[in-house]
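Asker: In the working numbering, the protein residues as written are 1 to 252.
Just so you know, even glycine gets a beta-carbon here, dropped at the ideal spot from N, CA and C.
Have a look at the structure that comes next, please.
Set out below in structure tokens:
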């Protein structure tokens, strides 16, 4: 293609590759810039992505005021829209500083708004601990487990527990002290065997104080044999016998 001058060549190239009339593309970029949010991005990465979209939108701008005063006002309006987009996409953690930026008078520039948000981010980073404590350590410090003594759980929240005067342990008395009386074992079905042990001890103590048992234990072997012979004679002769009665009295 032959052109008469370089200007004609430049104008032809501009008309062929110009994107100013591609309104659909401009709409997509504008929509993306308004819907962009920070999410998991850092503040610097989020701001960089928005700046790239703003540069693309600037290529589609067809209105450029020629009067200097109007140009300054136009640039301020465009920059204000950028500040709105930047603040709207920030995470909810920045709500407080976002209100501070919007309440400034005069309205801050895009650079000033970014510096204020960045200052807040650095402040939070410096206040956060470098190493978070382990969760198990937090549980151990905040809530110690209750002390257990021979199956008895002691709650640390009890302010005035009963204290045994024998072992010095809380939550029981001398009458129920396991250190003094022994820790009861669990029998079949979860029932305590302490009652059966106490009953056995009662029977044993009762039998040990039986006078008949004590008198029988006091007889000698010869007296026992003589008593057996007399009992055998009484079974053969059911009638009363004075001799047998005297024999029993002699044994006694």
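#1: Express the C-alpha separation of residue 80 and residue 72 in angstroms, rounding to a whole number.
#2: Give the DSSP-derived three-state secondary structure of residue 101 in the structure shown.
#3: Are there three or more Cβ pairs, one per stretch, closer than 8 Å when the segment 111-128 is compared with the segment 95-102?
#4: Hey, residue 172 and residue 183 are a contact pair by Cβ (cut 8 Å); roughly how many whole angstroms apart?
#5: State the Cα-Cα distance for the pair residue 231 and residue 177, rounded to the nearest angstrom.
#6: Quick one, which of 127, 90 and 25 has its alpha-carbon nearest residue 37's?
#7: DSSP state of residue 163, grouped into three classes?
#8: Should residue 222 go down as buried or exposed, given a rule of 16 or more other Cβ atoms within 10 Å for buried?
#9: Confirm, please, whether the CB-CB distance from residue 43 to residue 121 is below 8 Å.
#10: Pick from 83, 22, 104 and 86: whose alpha carbon is nearest that of residue 62?
#11: If I measure Cβ to Cβ from residue 167 and keep anything under 8 Å in the same chain, skipping five residues before and after, which residues do I get?
#12: CB-CB under 7 Å to residue 109, same chain, minus the five flanking residues each way: which ones, in chain order?
#13: Mind checking who residue 170 pairs with in its DSSP beta bridge?
#14: Measuring straight from C-alpha to C-alpha, what distance separates residue 6 and residue 39?
Answerer: Working from what's here:
#1: The residue labelled residue 72 in the question sits at position 72 within the chain shown. The residue labelled residue 80 in the question sits at position 80 within the chain shown. Each residue's alpha carbon lies about 12 Å from the other.
#2: The count along the chain shown starts at 1 and reaches residue 101 at position 101. Under the three-state reduction of DSSP, residue 101 is assigned to helix.
#3: Contact holds: three or more Cβ-Cβ distances are below 8 Å.
#4: For the purposes of this step, residue 172 is taken as residue 172 along the chain shown, with counting starting at 1. For the purposes of this step, residue 183 is taken as residue 183 along the chain shown, with counting starting at 1. That pair is no contact at about 12 Å.
#5: Counting from one through the chain shown, the residue named residue 231 turns up at place 231. Counting from one through the chain shown, the residue named residue 177 turns up at place 177. If I take the Cα positions, the gap works out to 52 Å.
#6: Residue 37 sits at position 37 when you count from the first residue of the chain shown. Minimum Cα distance to residue 37 is reached at 90.
#7: As a first step, residue 163 is located in the chain shown; it is residue number 163 there, counting from the start. Looking at residue 163 - three-state DSSP - the assignment turns out to be strand.
#8: Locating residue 222 in the chain shown gives position 222, counting from the first residue. Exposed is the call here.
#9: By 1-based counting over the chain shown, the position of residue 121 is 121. By 1-based counting over the chain shown, the position of residue 43 is 43. Yes, the Cβ-Cβ distance between residue 121 and residue 43 is below 8 Å.
#10: Along the chain shown, read from residue 1 onward, the residue named residue 62 stands at position 62. Per the Cα distances, 22.
#11: Taking the chain shown and counting its residues from 1, one reaches residue 167 at position 167. Result list for residue 167: 177, 179 and 180, in chain order.
#12: For this step, residue 109 is matched to residue 109 along the chain shown. Excluding sequence positions up to five before and after residue 109, its CB lies within less than 7 Å of the CB of 79, all in the same chain and listed in chain order.
#13: Counting from 1 along the chain shown, the entry for residue 170 is found at position 170. For residue 170, which the question treats as bridged, DSSP gives the partners 163.
#14: Residue 6 sits at position 6 when you count from the first residue of the chain shown. Residue 39 sits at position 39 when you count from the first residue of the chain shown. If you take the alpha carbons of residue 6 and residue 39, they lie about 49 Å apart.
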